[in-house]
Amino acid sequence: GESVGLHLPTLSVQEGDNSIINCAYSNSASDYFIWYKQESGKGPQFIIDIRSNMDKRQGQRVTVLLNKTVKHLSLQIAATQPGDSAVYFCAEKNSGGGADGLTFGKGTHLIIQP
Amino acid sequence: EPEVTQTPSHQVTQMGQEVILRCVPISNHLYFYWYRQILGQKVEFLVSFYNNEISEKSEIFDDQFSVERPDGSNFTLKIRSTKLEDSAMYFCASLFDRESQPQHFGDGTRLSIL
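Sequence order for the protein chains is A and B.
The first sequence lines up with residues 2 to 115 when you count with this note's numbering.
The second sequence lines up with residues 1196 to 1309 when you count with this note's numbering.
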């Protein structure tokens, strides 16, 4: 079965609004989580990451929240812009278990409406 | 900013033929990865490579696949006898060390098997 999944395949928000993209994971041993953005025809682009010893981390206009109790990860994007339109993937890794590869979720397509 | 570069951007190959996908990781990186993404699906881990050997591989990475770092700059993925289901985007990623995440991805090679 899949280790990481997403609640919504498509999310549409108005330009300037905040957006929240959610992700559920099932491997309680995962200790590293990362959000990637993928634009059409491009590879995954790093947005923000978080380790399991934290529950929140902020970047520029983005915040990642980690709730280990319910195994839930979210990406908040503030004041969305047209350039934020893309597919967003969460990914996880069990570094302590020696895993090297990332396990990706299915992706959420974020659409920014003008 | 340094980038992972992949060539070709699109490869069309007859079923049963061998194909080699090429990647130039970021120059001071030590860990190298291949992932694939079937159209409309999530990104899937194939293999990781460190110190001239495979460090982890997924179930997808069967005997038809091989990787090589033939010189100090290139990292290749070979599929020995391609099948229709090998059609996908193949992404290369690299990492300086496992403690300094994240993995940096190239823009991929689209492999089309006819």
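Built from N, CA and C at the ideal position, the CB exists for glycine as well.
Note that the structure is predicted; figures quoted are calculated from it, not measured.
Chain-order list of residues whose beta-carbon lies under 6 Å from that of Ile49(A) (same chain, five-residue window excluded): So the list reads Trp36, Gly60, Val63, Val65, once near-sequence residues are dropped.
Distance, Lys1237(B) Cα to Lys107(A) Cα: Going from the Cα of Lys107(A) to the Cα of Lys1237(B) covers about 5 Å.
is_contact[Ser1289(B), chain A] using C-beta, thresh 8 Å: Not closer than 8 Å to any Cβ of chain A, the Cβ of Ser1289(B) fails to qualify, so no.
Buried versus exposed call for Pro115(A) [16 or more other C-beta atoms within 10 Å across all chains shown]: exposed
Burial state of Asp1266(B), where buried means 16 or more other Cβ atoms lie within 10 Å: By the neighbour-count rule (16 or more Cβ atoms within 10 Å), Asp1266(B) is not buried but exposed.
The beta strand (DSSP E) enclosing Ile48(A), as first and last residue numbers: 46 to 52
Length of the line joining the Cα atoms of Phe1240(B) and Tyr1228(B): 8 Å
Interface residues of the stretch 1216 to 1233 of chain B facing chain A [CB-CB below 8 Å]: Correct list: Tyr1226, Tyr1228, Tyr1230.
Assigned exposure category for Gln39(A) - 16 Cβ within 10 Å defines buried: The residue is buried, with at least 16 neighbouring Cβ atoms inside 10 Å.
Cβ of Phe34(A) within 8 Å of any chain B Cβ: Phe34(A) does not count as touching chain B.
Partner residues on chain A for Glu1251(B), Cβ-Cβ distance less than 9 Å: Gly99, Ala100, Asp101, Gly102
Residues near Glu1263(B) in its chain [Cβ-Cβ closer than 6 Å; skip 5 each side]: Thr1271
Partners in chain A for Lys1302(B), counting only beta-carbon separations shorter than 8 Å: The sequence as given places Asp at residue 1302(B); Lys does not occur at that position. By Cβ distance, chain A contributes Gly42, Lys43, Gly44.
Between the CA atoms of Asp101(A) and Lys1278(B) - distance to the nearest angstrom: 27 Å
Where Glu16(A) sits in the DSSP three-state scheme: coil
CB contact below 8 Å: Ser1307(B) versus chain A: no
Pairwise C-alpha distance: Asp85(A) and Met55(A): Straight-line Cα distance between these residues: approximately 25 Å.
Whether Ile1249(B) touches Asp1281(B) by CB criterion (8 Å): no
Chain E contact residues for Ser96(A), given Cβ-Cβ distances below 8 Å: The displayed structure is made up of protein chains A and B, and chain E is not among them.
Distance between beta carbons of His1224(B) and Leu1290(B), contact taken as under 8 Å: 6 Å
Partners in chain B for Lys107(A), counting only beta-carbon separations shorter than 8 Å: Result: Gln1236, Lys1237.
Close Cβ partners of Tyr33(A) (< 6 Å) along its chain, the five nearest in sequence each way excluded: Within the same chain, and ignoring the five residues on either side of Tyr33(A) in sequence, the residues whose Cβ sits closer than 6 Å to its Cβ are Arg52, Lys94, Ser96.
Extent of the continuous beta strand (DSSP E) to which Met55(A) belongs: Met55(A) -> no beta strand (DSSP E), and no H or E assigned at all.
Start-to-end residues for the beta strand (DSSP E) that takes in Asn68(A): 63 to 68
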